[in-house]
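**Q**
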Amino acid sequence: MMSSKVHLIKAMLRFLIPVIIIGVGVFLARTLIHTGPKAERRSPPPQQALVEVITAHPTNVTVVIRATGTVVPSHQVRLRSQVAGQILETSDAYQEGGFLTQGEMILTIDPADYQLAVARAQATLTEAEFQLKVEQGRQDVARREWELIGDADQSSPLQRELALRKPHLEAAQAAVQAARASLDQAELQLARTTITAPFDATVVKRMVDRGAYVSSQDTLAEVAATEAFWVEVAVPVRDLARLSIPVKPGETGSAALIRNAADSSDRVWTGSVLRLIRELDTQSRLARLVVAIPDPLDLKSQSSASATSLLLGSFVRVDLLGTTLEDVVVLPRVALRDQDSVWIMTGENTLEVRPVVVDWKDETRAAIRSGIAPGEQVILSNLGTPVPGMNLVAAGKPEKTAPPQGVSGSP
Numbered sequence: 000m001m002s003s004k005v006h007l008i009k010a011m012l013r014f015l016i017p018v019i020i021i022g023v024g025v026f027l028a029r030t031l032i033h034t035g036p037k038a039e040r041r042s043p044p045p046q047q048a049l050v051e052v053i054t055a056h057p058t059n060v061t062v063v064i065r066a067t068g069t070v071v072p073s074h075q076v077r078l079r080s081q082v083a084g085q086i087l088e089t090s091d092a093y094q095e096g097g098f099l100t101q102g103e104m105i106l107t108i109d110p111a112d113y114q115l116a117v118a119r120a121q122a123t124l125t126e127a128e129f130q131l132k133v134e135q136g137r138q139d140v141a142r143r144e145w146e147l148i149g150d151a152d153q154s155s156p157l158q159r160e161l162a163l164r165k166p167h168l169e170a171a172q173a174a175v176q177a178a179r180a181s182l183d184q185a186e187l188q189l190a191r192t193t194i195t196a197p198f199d200a201t202v203v204k205r206m207v208d209r210g211a212y213v214s215s216q217d218t219l220a221e222v223a224a225t226e227a228f229w230v231e232v233a234v235p236v237r238d239l240a241r242l243s244i245p246v247k248p249g250e251t252g253s254a255a256l257i258r259n260a261a262d263s264s265d266r267v268w269t270g271s272v273l274r275l276i277r278e279l280d281t282q283s284r285l286a287r288l289v290v291a292i293p294d295p296l297d298l299k300s301q302s303s304a305s306a307t308s309l310l311l312g313s314f315v316r317v318d319l320l321g322t323t324l325e326d327v328v329v330l331p332r333v334a335l336r337d338q339d340s341v342w343i344m345t346g347e348n349t350l351e352v353r354p355v356v357v358d359w360k361d362e363t364r365a366a367i368r369s370g371i372a373p374g375e376q377v378i379l380s381n382l383g384t385p386v387p388g389m390n391l392v393a394a395g396k397p398e399k400t401a402p403p404q405g406v407s408g409s410p
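Note that the sequence shown covers residues 0 to 410 in numbering that gives the first Met the number 0.
As C-alpha cells, then:
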C-alpha cells in the first residue's frame, strides 16, 4: 500500500515540477516586459532633395538666331571667247586660286587678223568719205545747172530731186555710215582679243593654256567675285520679326557672325543680312535669308590672304544678331520646364512649379518676360518626381534638418 502511494507521489512530481518551472519563467518574463524601461520612438527626418539653383536678375539681352549654311560667291561667271584665234599670252594670275583686279588682262588672243580687219574697214571708210565729198561737189554743180534752166515751175518733185542728185547724196551718206559701222565692228572684235577681269575676282577654273586655239563661245575661265561672299541660311518664319531685313537700297540689315565649322582657329567673320528670299523652303518650310560677308579673303585688310581666309564651299555657322530684349530674366535652357514653367526654390526651401511668360528661347538660353521676381532661386537640376512643396536644399549650402518629432516614454 505504501509503495503505491510513493509511486503516485513521484509521478505527480514528475508532472508538476516542469509545469512549475515553465510557469515561473513565464511570470518572470512578463514581469521584466512590464517593468523594464521603454525605448524612445523617433520619426525619421523629412527627406530633402539636393538641387542646383541660379539667382534671377533682370537684364538686357540681344536675340541671337543660330543657323548654318554654305559659302557661295556673290558673283560667279564663265568667261567665254567672243572671237576665234590662238592664245598668245596669259596673266601670271591666270591660275586656279589666283587673284585678278577689275580690268586686268587675263589672256590675249592673236590679234593679227583683227588688226587687218580694222585697217580694211578704215580704208573703206576713207573711200566712202571721199565719195561723199565728191557727191557734195556734184550737188553744187547740179544746183547751178538747175537754176540756169529756169523751168523749175513745170518740173515734178521727183524730177527736181533727180536733177539736184539728192538720191546720190543720200547713197553716199549711207555708204559713210556703213563704213563707220564696219570700222566700229572691226575695232570691237580687235578689243575682244584681250580678255579682262569683269570685277575683282579669284580664278575658280582655268580652261585653256598658252598656244591653244579657241573658237567663239569657248569657255576660257570661271571666276568668282572676291568683294563679298554670300551664305544662304534658313530660319523659322517667327524669327523674322526679330531681325532687320533691308527692303530698299542703302538699308543695312542685322549683323551676323560667321564661323567656319571645320576651322579650329575660332576665326570670326562679320557680315550682315542682305535680303530675304521671297519663297519658303519647299521641304523645311523655313524662311531663307542671304547673308553678305565683305572682304572674306582679307584682300583689303592689312594682313594678306592666309589659310584662315574663308573658302568657297565652306560649311559655316551663322549667328544673326537680332533685337535687344530689355528687363528680362535670362536662364539656361535647362531651367525651362514643360508648358513654359520653371521650378522655384522658395524661401522655405520647398519646391514651387510656376508658369512663366517666355519672350524668346533657343537651344541654350531662355528669356523670361514675367513670372519670376528678382532674387528668386530658379532650380537647374532635374528631379525624378517633382512634387510641389517637397523639401529642397541648395547645393553648396548646409543641409537644414527638421527637429526630431516623436513620443518619449518613461520606464
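Just so it is clear, CB atoms sit at the ideal spot from N, CA and C, and this is done for glycine as well.
Within its chain, find whatever has a CB closer than 6 Å to the CB of D199; leave out the 5 residues flanking it on each side and keep chain order.
**A** In the sequence shown, residue 199 corresponds to position 200, counting from 1. Here the set comprises T100, Q101, T225, E226.
**Q** Once DSSP output is grouped into helix, strand and coil, what is the label at R137?
**A** In the sequence shown, residue 137 corresponds to position 138, counting from 1. Three-state result, R137: helix.
**Q** Which two residues bound the contiguous beta strand (DSSP E) that contains Q216?
**A** Locating residue 216 in the sequence shown gives position 217, where the first residue counts as 1. Unbroken run through Q216: none, as it is neither H nor E.
**Q** Please identify the residue among L382, R332, T322 whose C-alpha is closest to the C-alpha of N59.
**A** Residue mapping note: residue 59 aligns to position 60 of the sequence shown, counting from 1. Nearest C-alpha to N59 among L382, R332, T322: T322.
**Q** Exposed or buried, which one is R241 when buried takes at least 16 other CB atoms within 10 Å?
**A** One-based indexing of the sequence shown puts residue 241 at position 242. That one is buried.
**Q** Nearest to A180 by CA position, among S308, L189, L319, A120, is which residue?
**A** Residue numbering aside, residue 180 sits at position 181 when the sequence shown is read from its first letter. Of the listed residues, the one whose Cα sits closest to A180 is A120.
**Q** Quick check on the DSSP output: what are the complete beta strand (DSSP E) runs of length 3 or more inside the stretch 60 to 91, in order along the chain?
**A** 75 to 79, 84 to 89
**Q** Would you grab the beta carbon distance between A174 and Q138 for me? Rounded to a whole angstrom, and I think it's under 8 Å.
**A** Numbered from 1 along the sequence shown, position 175 holds the residue referred to as residue 174. Numbered from 1 along the sequence shown, position 139 holds the residue referred to as residue 138. Taking a contact as a CB-CB distance under 8 Å, the pair A174 and Q138 does not count as one, their CB atoms being some 15 Å apart.
**Q** In the DSSP assignment, what are the bridge partners of I257?
**A** Here residue 257 corresponds to residue number 258 of the sequence shown, with the count starting at 1. BP columns for I257 point to W268, V317.
**Q** From L124 to S90, what distance separates their C-alpha atoms?
**A** Reading the sequence shown from its first residue, position 125 is the one you call residue 124. Reading the sequence shown from its first residue, position 91 is the one you call residue 90. Computed Cα separation, rounded: 35 Å.
**Q** Flag this pair as yes or no: are the beta carbons of A394 and E51 separated by less than 8 Å?
**A** Taking the first residue of the sequence shown as position 1, residue 394 is located at position 395. Taking the first residue of the sequence shown as position 1, residue 51 is located at position 52. In contact: A394 and E51 (Cβ atoms closer than 8 Å).
**Q** Looking at the secondary structure, which residues open and close the alpha helix (DSSP H) in which K165 lies?
**A** Against the sequence shown, residue 165 aligns to sequence position 166. Unbroken alpha helix (DSSP H) run through K165: 165 to 190.
**Q** Give me whichever residues DSSP pairs with F228 in a beta bridge.
**A** Taking the sequence shown and counting its residues from 1, the one referred to as residue 228 is at position 229. In the DSSP output, where bridge partners are listed per residue, F228 has P72, I292.
**Q** Are G270 and A291 touching if we call contact CB-CB under 8 Å?
**A** Taking the first residue of the sequence shown as 1, we reach residue 270 at position 271. Taking the first residue of the sequence shown as 1, we reach residue 291 at position 292. Yes, the pair counts as a contact, with Cβ atoms nearer than the cut-off.
**Q** So is E375 buried or exposed if we call it buried at 16+ other beta carbons inside 10 Å?
**A** In the sequence shown, the residue the question calls residue 375 occupies position 376. That one is buried.
**Q** Leaving out five residues before and five after E398 in sequence, what residues of the same chain have Cβ atoms less than 7 Å from its Cβ?
**A** Along the sequence shown, one-based indexing puts residue 398 at 399. Because E398 sits at a pLDDT of 43, beneath the cut-off of 50, its placement in the model cannot be relied upon, and the following sentence gives the value as read from the coordinates. Answer for E398: Q47, V392, listed in chain order.
**Q** Using 8 Å as the cut-off, can you tell me whether the stretch 326 to 341 makes contact with the stretch 355 to 363, which would need three or more C-beta pairs spanning the two stretches below that distance?
**A** When Cβ pairs closer than 8 Å are counted between the two stretches, the stretch 326 to 341 is seen to touch the stretch 355 to 363, the count reaching three or more.
**Q** Is S409 helix, strand or coil by DSSP?
**A** The count along the sequence shown starts at 1 and reaches residue 409 at position 410. Its pLDDT being 27, under 50, S409 is placed unreliably by the model, and nothing is read from it.
**Q** Tell me whether L131 sits in a helix, a strand or coil according to DSSP, three-state version.
**A** Taking the sequence shown and counting its residues from 1, the one referred to as residue 131 is at position 132. It is helical.
**Q** Once DSSP output is grouped into helix, strand and coil, what is the label at Q404?
**A** The count along the sequence shown starts at 1 and reaches residue 404 at position 405. Summary for Q404: the model assigns pLDDT 31, below 50, so the residue's position carries little reliability; its value from the coordinates is reported in the next sentence. Assignment of Q404 by DSSP, reduced to helix, strand and coil, places it in the strand class.
**Q** How many Å lie between A178 and Q184 at the Cα?
**A** Locating residue 178 in the sequence shown gives position 179, where the first residue counts as 1. Locating residue 184 in the sequence shown gives position 185, where the first residue counts as 1. Linking A178 to Q184 through their CA atoms gives a straight-line distance of about 10 Å.
**Q** For the beta strand (DSSP E) that Q376 lies in, which residues bound it at each end?
**A** Counted from its first residue, the sequence shown places residue 376 at position 377. Segment 376 to 378, the beta strand (DSSP E) holding Q376.
**Q** Can the beta-carbon of S369 be found closer than 8 Å to that of V356?
**A** In the sequence shown, the residue the question calls residue 369 occupies position 370. In the sequence shown, the residue the question calls residue 356 occupies position 357. Taking 8 Å as the Cβ cut-off, S369 and V356 qualify as a contacting pair.
**Q** CB S215 to CB A118, shorter than 8 Å?
**A** Within the sequence shown, numbered from 1, the residue matching residue 215 stands at position 216. Within the sequence shown, numbered from 1, the residue matching residue 118 stands at position 119. Going by C-beta atoms, S215 is not nearer than 8 Å to A118.
**Q** Please list, in chain order, all residues of the same chain as S380 whose beta carbon is under 7 Å from its beta carbon, the five residues on each side excluded.
**A** Taking the first residue of the sequence shown as 1, we reach residue 380 at position 381. The answer, listed in chain order, is V50, E51.
**Q** On a CA-only basis, which of T201, I194, V202, E134 is nearest A170? Give me that one, please.
**A** Counting from one through the sequence shown, the residue named residue 170 turns up at place 171. Of T201, I194, V202, E134, the residue nearest in Cα terms is E134.
**Q** Would DSSP call A334 helix, strand or coil?
**A** For the purposes of this step, residue 334 is identified with residue 335 of the sequence shown, where counting begins at 1. Helix, per DSSP.
**Q** Could you spell out the range, first to last residue, of the beta strand (DSSP E) harbouring P354?
**A** Here residue 354 refers to the residue found at position 355 of the sequence shown. First-last of the beta strand (DSSP E) with P354: 350 to 354.
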